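Peer 1: Protein chains in written order, with our numbering: chain G, 1 to 307; chain C, 308 to 893.
Backbone N, C-alpha and C define an ideal beta-carbon position, used for all residues, glycine too.
Since we're looking at a predicted model, the values are computed, not measured.
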Amino acid sequence: MNGTSIFTKILFCALGVMLLPCVLTTGFAQNVVANLYWAPENVTVSGKQIDGLLNFIFWLTFVAFVATQSVYIYYLVKYRRRPGVKAHYSHGNNSLEIIWTSIPTVIFLALAIVSNRVWFDIHSDPPVDALKVNISSYQYGWDMRYAGADGQLGRIDVDQIGLNNKFGLGQTDGTAADDFTAMELVIPANRPVHIYLNSRDVIHSFYVPQFRLYQDAVPGRTITWVWFEVMRPGNFELACSQLCGVGHYNMKAPIRVLPPEEFDKWYAEKSQAALEAKDGPPGVSPTVAELTEAPIGPDSQANPLIP
Amino acid sequence: MSATTAEVVHHDPSHNHPKQGFIRKYLWTYDHKMIGLQYLWTALFFLFLGGGLALLVRYQLAWPNTPVPFIGWMLPATVASDGAIIPGGYNMLVTMHATVMVFFVIMPLLIGAFGNFLIPLQIGAGDMAFPLLNELSYWLYVISGFVLLAAFFVPGGAPGTGWTAYAPLSAEAAYNGTRIGQSLWGVAIFINGLSSIAGATNYITTIVNMRCPGMSMFRMPLTVWSLFITAILLVIAVPVLSAAAAMLFADLNFGTSFFKPAGGGQPLLWQHLFWFFGHPEVYIMILPAMGLSSEIISTFSRKPIFGYKAMVWAMVAIGFLGFVVWGHHMFVSGMNLTLSAAFSISTMFIAVPSAIKTFNWMGTVWRGSIEFTTAMCFALSFVSMFVIGGLSGIFMASTPVDLFVHHTYFIVAHIHYVLFGGSLFAVFGGIYFWFPKMFGRMLDETLGKIHFFVTFIFFNLAFFPMHNLGLGGMMRRISDPPIYEHLRQLQPLNQLSTIGAMGLGFATFIFIWNIVKSLSKAPDAPANPWHSNTLEWTVPSPPGHGNFPKTPRVYHGAYEYSVPGMEKDYLPQTEEAPAHVRLDSH
Numbered sequence: 001m002n003g004t005s006i007f008t009k010i011l012f013c014a015l016g017v018m019l020l021p022c023v024l025t026t027g028f029a030q031n032v033v034a035n036l037y038w039a040p041e042n043v044t045v046s047g048k049q050i051d052g053l054l055n056f057i058f059w060l061t062f063v064a065f066v067a068t069q070s071v072y073i074y075y076l077v078k079y080r081r082r083p084g085v086k087a088h089y090s091h092g093n094n095s096l097e098i099i100w101t102s103i104p105t106v107i108f109l110a111l112a113i114v115s116n117r118v119w120f121d122i123h124s125d126p127p128v129d130a131l132k133v134n135i136s137s138y139q140y141g142w143d144m145r146y147a148g149a150d151g152q153l154g155r156i157d158v159d160q161i162g163l164n165n166k167f168g169l170g171q172t173d174g175t176a177a178d179d180f181t182a183m184e185l186v187i188p189a190n191r192p193v194h195i196y197l198n199s200r201d202v203i204h205s206f207y208v209p210q211f212r213l214y215q216d217a218v219p220g221r222t223i224t225w226v227w228f229e230v231m232r233p234g235n236f237e238l239a240c241s242q243l244c245g246v247g248h249y250n251m252k253a254p255i256r257v258l259p260p261e262e263f264d265k266w267y268a269e270k271s272q273a274a275l276e277a278k279d280g281p282p283g284v285s286p287t288v289a290e291l292t293e294a295p296i297g298p299d300s301q302a303n304p305l306i307p
Numbered sequence: 308m309s310a311t312t313a314e315v316v317h318h319d320p321s322h323n324h325p326k327q328g329f330i331r332k333y334l335w336t337y338d339h340k341m342i343g344l345q346y347l348w349t350a351l352f353f354l355f356l357g358g359g360l361a362l363l364v365r366y367q368l369a370w371p372n373t374p375v376p377f378i379g380w381m382l383p384a385t386v387a388s389d390g391a392i393i394p395g396g397y398n399m400l401v402t403m404h405a406t407v408m409v410f411f412v413i414m415p416l417l418i419g420a421f422g423n424f425l426i427p428l429q430i431g432a433g434d435m436a437f438p439l440l441n442e443l444s445y446w447l448y449v450i451s452g453f454v455l456l457a458a459f460f461v462p463g464g465a466p467g468t469g470w471t472a473y474a475p476l477s478a479e480a481a482y483n484g485t486r487i488g489q490s491l492w493g494v495a496i497f498i499n500g501l502s503s504i505a506g507a508t509n510y511i512t513t514i515v516n517m518r519c520p521g522m523s524m525f526r527m528p529l530t531v532w533s534l535f536i537t538a539i540l541l542v543i544a545v546p547v548l549s550a551a552a553a554m555l556f557a558d559l560n561f562g563t564s565f566f567k568p569a570g571g572g573q574p575l576l577w578q579h580l581f582w583f584f585g586h587p588e589v590y591i592m593i594l595p596a597m598g599l600s601s602e603i604i605s606t607f608s609r610k611p612i613f614g615y616k617a618m619v620w621a622m623v624a625i626g627f628l629g630f631v632v633w634g635h636h637m638f639v640s641g642m643n644l645t646l647s648a649a650f651s652i653s654t655m656f657i658a659v660p661s662a663i664k665t666f667n668w669m670g671t672v673w674r675g676s677i678e679f680t681t682a683m684c685f686a687l688s689f690v691s692m693f694v695i696g697g698l699s700g701i702f703m704a705s706t707p708v709d710l711f712v713h714h715t716y717f718i719v720a721h722i723h724y725v726l727f728g729g730s731l732f733a734v735f736g737g738i739y740f741w742f743p744k745m746f747g748r749m750l751d752e753t754l755g756k757i758h759f760f761v762t763f764i765f766f767n768l769a770f771f772p773m774h775n776l777g778l779g780g781m782m783r784r785i786s787d788p789p790i791y792e793h794l795r796q797l798q799p800l801n802q803l804s805t806i807g808a809m810g811l812g813f814a815t816f817i818f819i820w821n822i823v824k825s826l827s828k829a830p831d832a833p834a835n836p837w838h839s840n841t842l843e844w845t846v847p848s849p850p851g852h853g854n855f856p857k858t859p860r861v862y863h864g865a866y867e868y869s870v871p872g873m874e875k876d877y878l879p880q881t882e883e884a885p886a887h888v889r890l891d892s893h
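1) At 4 residues or longer, and completely inside the stretch 502 to 555 of chain C: list those alpha helix (DSSP H) runs for me, N to C.
2) Quickly, what does DSSP pair residue 180 of chain G with across the bridge? List them, please.
3) Give the single residue among G/138, G/194, G/113 and G/79 whose Cα lies nearest to the Cα of residue 239 of chain G.
4) Run through DSSP, which three-state label would residue 884 of chain C get?
5) Between which two residues does the alpha helix (DSSP H) containing residue 772 of chain C stretch?
6) Among C/381, C/670, C/503 and C/706, which one has its Cα closest to the Cα of residue 690 of chain C?
7) Restricting to runs no shorter than 4 residues, where is the alpha helix (DSSP H) found entirely within the stretch 648 to 716 of chain C?
8) Are there three or more Cβ pairs, one per stretch, closer than 8 Å when the stretch 799 to 818 of chain C is compared with the stretch 752 to 765 of chain C?
9) Determine the DSSP secondary structure at residue 286 of chain G, reduced to helix, strand or coil.
10) Using the three-state DSSP reduction, which class does residue 133 of chain G fall into: helix, strand or coil?
11) If I measure Cβ to Cβ from residue 875 of chain C and keep anything under 7 Å in the same chain, skipping five residues before and after, which residues do I get?
12) Any beta carbon from chain G within less than 8 Å of residue 656 of chain C's own beta carbon?
13) Please report whether the beta-carbon of residue 673 of chain C lies at a distance below 8 Å from any beta-carbon of chain G.
14) In chain C, what lies closer than 8 Å to residue 152 of chain G by C-beta?
15) Using a 10 Å radius around the Cβ and a threshold of 16 neighbouring Cβ atoms, would you call residue 531 of chain C buried or exposed?
16) So with Cβ pairs under 8 Å, would you call residue 248 of chain G a contact of chain C?
17) Would you list, in chain order, the members of the stretch 496 to 524 of chain C that have their beta-carbon closer than 8 Å to a beta-carbon of chain G?
18) Under the three-state reduction of DSSP, which class applies to residue 44 of chain G: helix, strand or coil?
19) Kindly indicate which residue of C/710, C/663 and C/436 has the alpha-carbon position closest to the one of residue 97 of chain G.
20) To which residues of the same chain is residue 735 of chain C closer than 6 Å at the C-beta, ignoring the five residues directly before and after it?
21) What separation, rounded to the nearest whole angstrom, lies between the Cα atoms of residue 842 of chain C and residue 749 of chain C?
22) Residue 59 of chain G CB to nearest chain C CB: under 8 Å?
23) Let me know the beta strand (DSSP E) ranges lying completely inside the stretch 191 to 248 of chain G, each 3 residues or longer, listed in chain order.
24) Is residue 708 of chain C near residue 223 of chain G, with beta carbons less than 8 Å apart?
25) Does DSSP put residue 571 of chain C in a helix, in a strand, or in coil?
26) Mind listing, in chain order, the continuous alpha helix (DSSP H) runs of no fewer than 4 residues lying wholly within the stretch 346 to 419 of chain C?
27) Am I right that residue 821 of chain C and residue 751 of chain C are in contact with their C-beta atoms under 8 Å? What's the rounded C-beta distance?
28) If we count Cβ pairs, one from each stretch, closer than 8 Å, do we get three or more for the stretch 628 to 639 of chain C versus the stretch 571 to 586 of chain C?
29) Quick check: the Cα distance between residue 271 of chain G and residue 134 of chain G, rounded to an integer number of angstroms?
30) My guess is that residue 574 of chain C and residue 219 of chain G are in contact by the Cβ rule of under 8 Å, so how many angstroms apart are they, rounded?
31) Which chain C residues sit within Cβ distance under 8 Å of residue 205 of chain G?
32) Using a Cβ-Cβ cutoff of 9 Å, what residues of the stretch 554 to 569 of chain C are near chain G? List them in chain order.
33) Determine the contact status of residue 601 of chain C and residue 612 of chain C, defining contact as a CB-CB distance below 8 Å.
34) Can you check which of these residues, G/181, G/226 and G/160, is closest to residue 273 of chain G by C-alpha distance?
35) Is the Cβ-Cβ distance between residue 360 of chain C and residue 400 of chain C less than 8 Å?
36) Am I right that residue 706 of chain C and residue 647 of chain C are in contact with their C-beta atoms under 8 Å? What's the rounded C-beta distance?
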């Protein structure tokens, strides 16, 4: 049929048009971010492993896609209807079934094993010299808490977390006395950072694309296994990537990655200020209770729904 | 009971029926064909609605905080202010779009419409085992739709917690601000679940008990197999969601604490329950699409399905494995890390049966005599789009890569390649293929081709860039991407995607025009326009009441095309092969 062959041609033109945006996007992307995927530059050590795996899977799937689709399209062209040509009568081939069952099985199993090795590598125990930061998320923002002069984060008691105790600090725990807080995440480059992740209300998530890192913060729990090492100083944004309510779209906090010396200076100043405030004249000394009760985040203003 | 029902409806269709009133014919009918069409029209209405919601979402993402042209003034105050979508309203649109598309479009189209219409016809039965239950399940679906849409008009507005409704956001009115809307969502999901369970029970009973003589399980068309396995998945998975929805309702309204940590509840319990349903659900929405496409591809390749039994066993494997992969939605949810690794392995395994099916479709077109009808074009591109959706799934199945792409637009691209490029393309193919049987009229092939090309091109334009948006770090469910530094440079991609979505909206009108045009002409469809083998093509288009004048007898499988030594290139299941011809199937 004549009409059929015209539509056949249009079909293949359409396939070409389908590939066009992909080609254009990748072409444009080369100029913008110097990588195939438009992904922001990775800055963490573990991110390098993730990018390696991502690249591997990209090429694996790319080859699989091109191979299957070119054979498929070749068949569609070659075996289009022609007058007098009858289709081949075949109900299948068991050897082929075994081959195309076992090859993907082996590939996928290998991929799962490789992936899980990286997964456990990324989630190995945090190094002992890691900087400890407690991040407490809420509708709609982030509070950070640092260990202060003693290098010990006050113990988190999730049952105590509430509007009056944003970090869930045990009132008798001395290690919390010199802790200091911030509304931006300031961390050193080239040193592991260990995050203790909490939520005060609903599920939020810690997401920084440049860190290749995502982790949900679950209310009622402390997530303790997230740690990473940033390889260079820079400014980034911490974003919430788990739908958490009306203000979710704008739940972000600045991240400043400083050179180690600069970070140490910032940390020492902050610790000193915290200590001075603590040892100062009576009345201005922030006890643990005051530290924890201070309205650090603007949640009561930001979220009219919280009574 | 089933046997009696079968006998009752197996009367002679030529016998003079009293003329039915409008209500008995179109609104309260026990005829599976009309119930299938009720599902079809209702679901197409919801498709139009869900597509409109999607366009609003896309408009906001491309041109944030600007008034929506034409329809901005119509939006309720909870969604837009001065015609521009507000952040809370954006969350509502996203939530309602996904809920409508999953529960009120894809499932009713594949399972309600094609399931009801095709199962009795393809197995040689006069009707479903339980016709009353069948009609009840349709009306439960309609009621659940009204309950869901009512959420837009209650104080506080529609739910804005995503179709996944993660607790405790969804479980605590103080956090979501939409107690009534969220409660209605739970009620709608519950009633919709009753509808699904009723329908699925009916399908299983019908397929097991009411196959005509000679129709052994391994002679059933793949469509029936896919719907059979889907029905089993529904019966197991949906009650879990219904229970979860009931618990959510109690948390919201009766002060219970199933999911709220303050009262000793567990937020992750919701996710486990939801995804225990949610992952089989993904296969519930793709298996029937695979069945429909297999049917179309075999018919227009004039070739038997390559590896029929491998196709069946692959679907059975998907059905089993579908219940042990739900944790891959939760790798980074705070779930135990070793459990994540285990779910990652089972997830990799479930890719295997999908690969098997793809290879068998390729084997089916190999050395065929392929005719590119509109139905065939949709079915063939179903395979390609499903391959893209399947391959992009591998990225997320790899746990470390999921750390990067989880909850970004990469997953949005993935789900749309599977559910739109996959399920919905197969639905379109199915409509072009079975429309003559349903309405006795052929759809216009030229308009059909235009509809196909416009859909195909704009679909890829809308959804392919989302892969890059996701890898570029764009989070899901944020109403204003440019407020993030790293997303500003990606804004052209968002606009490109929105233009694609608008093209898809335009394509819908071509489709509607085609349907209206066809229905307004005189019936012209022969009984078997595509020279296909299955039983529905042996009776007139549309089939009379009771389907078959007398119970058909089946002699062989459904895919005997181009049998050597035969003049015509097809052999209906009701025809015995000539004595000199040897069939490879049994």
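Peer 2: Per the coordinate set shown:
1) Entirely contained in the stretch 502 to 555 of chain C, not one alpha helix (DSSP H) run reaches 4 residues.
2) G/146
3) G/138
4) coil
5) 752 to 778
6) C/670
7) 681 to 704 and 706 to 712
8) yes
9) Because the pLDDT at residue 286 of chain G is just 43, under 50, the model does not fix this residue reliably, and the value given afterwards should be weighed accordingly. In the structure shown, residue 286 of chain G sits in coil (DSSP, three-state: anything other than H, G, I, E or B).
10) strand
11) Within the same chain, no Cβ atom closer than 7 Å to the Cβ of residue 875 of chain C is found once the five residues on either side in sequence are excluded.
12) Answer yes: the Cβ-Cβ gap between residue 656 of chain C and chain G drops below 8 Å somewhere.
13) At least one chain G Cβ lies under 8 Å of residue 673 of chain C.
14) Simply none; closest approach about 25 Å.
15) The Cβ neighbour count for residue 531 of chain C, taken over all protein chains shown within 10 Å, is at least 16; the residue is labelled buried.
16) Residue-level contact by beta carbon holds for residue 248 of chain G and chain C, with a gap shorter than 8 Å.
17) Those residues of the stretch 496 to 524 of chain C that come within reach of chain G (Cβ to Cβ, closer than 8 Å) do not exist; the list is empty.
18) strand
19) C/663
20) So the qualifying residues of the chain are 685.
21) Looking at the backbone, the Cα of residue 842 of chain C and that of residue 749 of chain C are separated by about 19 Å.
22) Not closer than 8 Å to any Cβ of chain C, the Cβ of residue 59 of chain G fails to qualify, so no.
23) Fully contained in the stretch 191 to 248 of chain G are the following beta strand (DSSP E) runs of length 3 or more, in chain order: 192 to 199, 204 to 208, 213 to 217, 223 to 229 and 234 to 239.
24) no
25) Coil.
26) Entirely contained in the stretch 346 to 419 of chain C, the alpha helix (DSSP H) runs reaching 4 residues are, in chain order, 394 to 406.
27) 5 Å
28) yes
29) Computed Cα separation, rounded: 15 Å.
30) 6 Å
31) 639 and 714
32) Answer in chain order: 567, 568 and 569.
33) yes
34) G/181
35) yes
36) 6 Å
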